[in-house]
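Chains as they are written, first to last, in the numbering used here: chain A, 23 to 443; chain B, 1303 to 1620; chain C, 37 to 286; chain D, 3 to 290.
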């Protein structure tokens, strides 16, 4: 008895020591980019690093860090060094994300806020940024309302609206695959708006909806939905899932041999998803928001090479570019007006066209006036199981669609900005 | 005041002094007012859970459900019903309490691990409702399009909407009311029957205490306090999402109670403070913070099962 | 007048028969001892009377009312109170608090969120009275878990008594005690029986205690009733000696 | 419609078999040690990741055999170092411990294998449908059911025919007596924990055949397993098996008629069972 309690005591001390040692090692490791100094310009990144969106978040972080390097190499913002303060927003916990946004704004006094991948969290922290009048860039949360019905003067978004993605892919699908569509839609705002966009775009081109199901976020087993889809005998089964859901759904659809009976397609697709699929499941017609293999566009090759160096040989994905463009946007806004005043910066970005070394796409990209939405090119094409040149070349772009041609008019988006007087 | 009374009152005096002055010193130690509000709100939830866990000896691992119901109740009142922060809190608390009261009879006959398991599973029902009924709850995107509103008291208006310090004190008043009621109940004959059940359920039954009925009442009180905390949590963030109902949130409440000390009245509040600050700090420091939180759980369980206050009380006594 | 009437009580655990068709009548004011070798089914029998277990068949009538289907708590409310073979108290509470809880329950305050001044005085007096009766006044502030075995047992008996029972069931009150403690407890039980004319049924192993206390004795063996009678009758019964005392001696 | 219903019932059985495999492991540990293993989903992920790393060296079949065994060893180690210390204490503590463990495992797998979903390939002849009409009967899914069947049969064989199993069953009923009879209870619980984790590891390897392999893979699978245990009845392994099948079929049927209640239905079922029969369908009276 006494010997046991003795050993526990010893253990406790030893464990505390070990924990402390591990803790110190961790704090000293390269994850920490948060050396908080006073005279720097601060950009707060409130984005997921854990949970479902961790992979996407980490890619955005890689892009963000590269942008930071570029900015500081060119002398920083207004002559001051720029610092990136990274907070893990978690993948779905709005309480945490909002708290982190407040912490970055109130305590760390950041000049810019960047985030979030999860549309819901993006919206939630946009509200905080609006309340505190901080220049906010959303790199990758797609729901329309962020730059639509809930838009704010201080919020800018790099990634597309779901509506733009839907319109971009619709005509190509009708032309190549058929008019009867069956929708498998994830049950949250991103999925809903994506489906609504597709239905609208398809209707214009004579496409019809023959059925559909809302699948909960985080569904692991799609078999019963796929059974229903196949019973409806459509031309195309549309998969609107993102991330791990898309991996699960496509993997199972291909195992069921549905790819041999129907055309499998969707709207937004990401390189992260295709990389997670076994080769036989890398199929279908999709839209990419940015793609690394653009041999004829200037600056892209350099960007790809730099990212490869930073990420251990991996190519940049659309997410990497979102992160890169978001941080670059912050720097550009400040340089434009030679000030860190959020209202001045936001005014300067209205209709602003990103320089080609940041846009990295054939027709460039600009922030639409009165909405804060970036209007870039969209890349429609097919997934391919093995790249000819590179193992990570898993998408074949067949069509570059100009954002202008697929974006709704400003009135249609429902965005009305009220500027502080 | 007798010296013995004073030692008994000392913890209360210290806790209240710290809480009342928090906005003045928090920023000097690297915090911010909202962090303070969060500690008080989550502390209230942990204290509410502990009414059941520490004082009745019943292990619920599903209290996030009632926390979340309180949050949704408050948010949906403001979003759909009427623009009144006060009504939001009242309705939110009522919804959580009623749900607890209805589920209670289904589960109070169960004990120990089984009770814990069933409470988790029932909690998930509400999670899925919030998650799937997106036309009303906003689903995974959360409930947006509303915000807490200034408090109109007739003679004056308190701007808890834009002034974080005012909101902090508003939360503290709610906290004081709920905590006061719980402390008072625990000193009553009814409170003593709960402690009796915790100490020895068999003996209590043969003292003529109808265990199921008393556990049910304790459960409902606990759910009420936790749903009040949930309502305040919604107002704090101006946002609710299904994550507030998820079972991992329940685990957070339990670890707060254990960490601070289940057998001490203020233990869960101390636990909440430590846990919230630690999490906030760790997740800013390293992307592997989850491992550290997990390790922290393990260390607390293995080496500090009586919690911080438990250890202090023991040291003081010996 | 009979206070407790047990009719043809049986309990099966699967194929095992723990109590088989036992009947017993206890008169008001009587002290009845139930004895028998280990495994005779005494505790099971007790557990059925107090409502801890449900009988497989048979009836339990208390004060003219059939209580067979009532849950334990309600039997307590009707006046059946018990102690356990292994002392069941609230070890982390003081002796005073241990007694205060049943006193409050018995006075109908179990759901009260407060006590009136009058109620407080009433409860305090009653607790003091019980402490006195159990010889525990000096230890009122100590935690029960820190007390000697004998004092814990005395506390448990006083807790049962705090409920103002009409029938007290004591399961081996002197189990595991030394001579002095056994003597004290026996004296306490005797006082309760004589001074308060309380009806008591007790299970006991210690023959000195039984013959000192009991008015009548019921003998169980292997779940069935072997004999019933006055201590003298039982001491002289050949059946009992053969089946029980003989066995115990061997 | 009838065909759709039939398909979904059948499909539900396949899905249910998988839940049952998870739930059986949880149930084993719960019954003998009184520990709710929140980290079960984490062990499932470990099983999947180990298989992924082993495939290049020993192929799918080798990984299918070896990965669960390695997972079980990790489980045995965890039991020895951590969980063992909590037996006999309030179940609260083991709950919190495994809860923390789940965090560590999720983060640990992310640290080692990365957050990105990994492509996991099973032999291609397994992943083709057997028939055009019954396309959901892919070789792989039937194979899964077969493996679950073998695992369950094996488990019941161990429990009924081997000394270890008989002791586990006896210990589940009355641990005290078993220990008095000279059985090494610590070792027994250790082995039993390993057995439970083996099933989690096996479920992991099977799962990644059709799910994306990423660190959170186990998190969403653990709740249905809880419900399976509650519905089937605590302390009863056949009950757990039945519970798993029932919830699989119930969600399959609900998908046809009321798709948005697909997850909620299993909880409604649980509430109904608790209302009518608090100890679960095949649960024993008096336990818990």
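Ideal Cβ placement from N, Cα and C applies to all residues, glycine included.
Thinking C-beta only, is residue j closer than 8 Å to residue i?
| i | j | result |
| --- | --- | --- |
| residue 217(D) | residue 268(D) | no |
| residue 67(C) | residue 87(C) | no |
| residue 81(D) | residue 195(D) | yes |
| residue 299(A) | residue 121(D) | yes |
| residue 267(C) | residue 180(C) | no |
| residue 216(A) | residue 192(A) | no |
| residue 285(D) | residue 246(D) | no |
| residue 111(A) | residue 69(A) | yes |
| residue 187(C) | residue 175(C) | yes |
| residue 521(A) | residue 160(A) | Since the first residue shown for chain A is 23 and the last is 443, residue 521(A) is missing from the structure and cannot be characterised. |
| residue 101(D) | residue 1599(B) | yes |
| residue 249(A) | residue 138(D) | yes |
| residue 401(A) | residue 344(A) | no |
| residue 398(A) | residue 425(A) | yes |
| residue 1351(B) | residue 1605(B) | no |
Using the beta-carbon count (16 or more within 10 Å), is residue i buried or exposed?
| i | result |
| --- | --- |
| residue 208(A) | buried |
| residue 1330(B) | exposed |
| residue 241(D) | buried |
| residue 5(D) | exposed |
| residue 185(C) | exposed |
| residue 229(D) | buried |
| residue 1521(B) | buried |
| residue 231(C) | exposed |
Does DSSP put residue i in a helix, in a strand, or in coil?
| i | result |
| --- | --- |
| residue 398(A) | coil |
| residue 1549(B) | helix |
| residue 62(C) | strand |
| residue 237(A) | strand |
| residue 68(C) | strand |
| residue 139(C) | helix |
| residue 312(A) | coil |
| residue 261(C) | strand |
| residue 171(C) | coil |
| residue 95(C) | strand |
| residue 125(A) | helix |
| residue 421(A) | strand |
| residue 360(A) | coil |
| residue 56(C) | strand |
Within the same chain, show all residues whose beta-carbon is closer than 6 Å to that of residue i, passing over the 5 residues directly before and after it, in chain order.
| i | result |
| --- | --- |
| residue 206(C) | 119 and 238 |
| residue 97(D) | 38 |
Can you name the residues of chain D whose CB is closer than 8 Å to the CB of residue i?
| i | result |
| --- | --- |
| residue 1563(B) | Those within 8 Å of residue 1563(B) in chain D number zero; the least Cβ separation is about 13 Å. |
So residue i contacts chain B; which residues on that side make the cut at Cβ distance below 9 Å?
| i | result |
| --- | --- |
| residue 191(C) | Here the premise fails: no neighbours, minimum Cβ distance about 11 Å. |
Counting only the same chain and skipping the five closest in sequence on each side, list residues whose C-beta sits under 8 Å from that of residue i.
| i | result |
| --- | --- |
| residue 1549(B) | 1363, 1364, 1366, 1422, 1425, 1426 and 1429 |
Output, in chain order, the set of chain D residues within a Cβ distance shorter than 7 Å of residue i.
| i | result |
| --- | --- |
| residue 1572(B) | Chain D residues near residue 1572(B): none, gap ~17 Å exceeds 7 Å. |
| residue 1419(B) | 38, 228 and 232 |
For a contact defined as C-beta to C-beta under 8 Å, what are the partners of residue i on chain B?
| i | result |
| --- | --- |
| residue 266(D) | 1427, 1430, 1431 and 1434 |
| residue 124(C) | 1502, 1504, 1505 and 1508 |
How would you list, in chain order, the residues of chain G whose beta-carbon sits under 8 Å from the beta-carbon of residue i?
| i | result |
| --- | --- |
| residue 289(A) | Protein chains in the displayed structure are A, B, C and D, and chain G is not among them. |
Run down chain A in chain order and give the residues with a C-beta less than 7 Å from the C-beta of residue i.
| i | result |
| --- | --- |
| residue 259(D) | Residues of chain A passing the Cβ test: none, with the nearest at roughly 11 Å. |
| residue 1541(B) | 116, 120 and 146 |
Going along chain B in order, which residues have a C-beta closer than 7 Å to the C-beta of residue i?
| i | result |
| --- | --- |
| residue 108(D) | 1592 |
List, in order along the chain, the chain A residues whose C-beta lies closer than 8 Å to that of residue i?
| i | result |
| --- | --- |
| residue 1416(B) | Near residue 1416(B) there are no residues of chain A at all, since even the closest Cβ is about 26 Å away, more than 8 Å. |
Could you list which residues in chain C have their beta carbon closer than 7 Å to that of residue i, in chain order?
| i | result |
| --- | --- |
| residue 1498(B) | 126 and 137 |
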